[in-house]
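If you read the sequence shown in this note's numbering, its first letter stands for residue -9, the second for the next number, and so on.
Just so you know, even glycine gets a beta-carbon here, dropped at the ideal spot from N, CA and C.
Computed from a prediction, not measured in an experiment: that's the story for all the values here.
Just below is one structure, and these are the notes that go with it.
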Amino acid sequence: MRLTWTLHGDGRSVAPDAIVRPGERLSWPLTVGLGAQHVVAMFGATFLVPLLTGFPPTATLFFSGVGTILFLLLTANRLPSYLGSSFAFIAPITAASTSGGPGAALFGVLATGLLLAAVGAVVLVTGTGWIESLMPPVVTGAIVALIGLNLAGAATTNVEMAPLTAFVTLAVVLLVAVGLRGFAARLSILIGVAVGYVVAAVTGVVDLAPVGDAAWVGLPDFTAPSFAWSVLPAFLPVVLVLVAENVGHVRTVAHLTGDESVNRLTGRALLADGLATTLAGAGGGSGTTTYGENIGVMAATRVYSTAAYWVAGLTALLLSLSPKFGALVNTIPAGVLGGVTVALYGLIGVIGVKIWIDNRVDFSRPVNQLTAAVALVIGIGDLTLGFGLGGEDVVVTGIALGTIAALVVFHLMTAVERARGTGPAGRP
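Structure follows, in structure tokens:
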């Protein structure tokens, strides 16, 4: 692996029909600027997860930076990506924290990371064919959709705490998304939070006293996990989402760069994200995933240089070493969070639908209809079942049960179709 890059052209510009490839870079001043753009792009979503789950923002940012650097190393500096907080962890972390405290939630994050790393190791040996068979688009879309829509109640609860602030925040998010162009439109969440924060401050809701008391420089708030096997059922479905996100990220980069050899890095990407999530769980950070926001930045700039991601990862590490910065983030009030999460949680649900559309899932087939229908109702309704295991009370929530339902319903009905000769290949 080389940590050097070839200068693209004169280092100052990119021709309209050209791209800057992962192994290339622009001049260092421009590369630093591009790295800063990646930090801004990931910021809103990465910090929203610890705000919603109660995790320390500085620890999340620290492990986000560490995870990004680890990802670049393990993918041989060939796969540009930023590892930010995954929204798939919000519901299980919230549930685990309520029942067993932050330590139990971190154990769930750590276990998820280990399992994802194991999947990556298997993919390195076997390839991705079995993943596509286990999780066809109808299953993947259903799982992603139910994770977002399962969180709808949490979003509306925050809105009810400060309706005016929430509606202003949401309105700004919507208007920026359609009123601005290019990269600025991609920052709609961040701009919405900023405007909502100002409104909350004017109305006297924001308390800045903790910011004044915090030090400028200091270590993040690291926290150790505590063993709690009962939380694992809530976290295991997250592995499937992270697999889908990583596979999709690799394929997108391969397509945008015109380099199909990038797809051979899928196993490394899964392994790297798994290890990054494991480290986060071991020290108090949120689980990570490859970020679509940063793919948007690359598509807009046509710069796919991994050098910019090294800058972004190192910048995240530096910011995480300021307790004052973390305290400021923690002052964002519930109304602001409610406004942005109404949009964000809904968008997660819509991404699931988009997976169906992009892959042309045939919903005239009963197997596809019922796979989605059963999984969504269980997930959105948050069906919860409990049982005893090894002296612990294990609670399986709607996300876990919905995920299980999607897998079981699809594969069981497909097996029956094949046995009767009425599947797509055998249908008259």
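Judged by DSSP in its simplified three-state form, V293 adopts strand. Rounded to whole angstroms, the gap between the alpha carbons of D7 and H(-2) is 13 angstroms. Check the Cα spacing between V364 and each of G202, I347, T393: the tightest is with T393. Annotation note: the region 277 to 333 contains the following uninterrupted beta strand (DSSP E) runs of length 3 or greater, listed N- to C-terminal: 278 to 280.
According to the DSSP assignment, G74 belongs to the beta strand (DSSP E) that extends over 73 to 75.
Under the three-pair Cβ rule at 8 angstroms, the region 342 to 351 counts as touching the region 131 to 142. Take A101, set aside five residues on each side of it, and the residues of its chain with a beta-carbon closer than 7 angstroms to its own are L222, F225, in chain order. The Cβ atoms of P82 and I368 lie no closer than 8 angstroms to each other. Taking a C-beta distance under 8 angstroms as the contact criterion, V231 and A78 qualify as a contact pair.
The region 227 to 243 makes contact with the region 265 to 283, as at least three CB pairs between them are under 8 angstroms. Minimum Cα-Cα distance from V399 among the listed residues T374, D372, A362, L375 corresponds to A362.
Within the DSSP bridge table, the entry for T(-4) names E14 as partners. Closest in C-alpha terms to L62, from the list D263, T247, R292, comes D263. Here the alpha carbons of D249 and W300 stand approximately 21 angstroms from one another. A35 and I179 have their C-alpha atoms spaced approximately 8 angstroms apart.
Put simply, of A218, G275, V293, A244 the residue whose alpha carbon is nearest the alpha carbon of L41 is G275. Per the coordinates, the alpha-carbon of V185 lies some 36 angstroms from the alpha-carbon of L265. Three or more Cβ pairs closer than 8 angstroms define a contact, and the region 42 to 53 meets that threshold against the region 203 to 213. With a beta-carbon spacing of about 11 angstroms, L96 and T267 fall beyond the 8 angstroms limit used to define contacts.
Between the alpha carbons of V39 and G339 lies a gap of roughly 17 angstroms. For A224, the secondary structure class from DSSP, reduced to helix, strand or coil, is helix.
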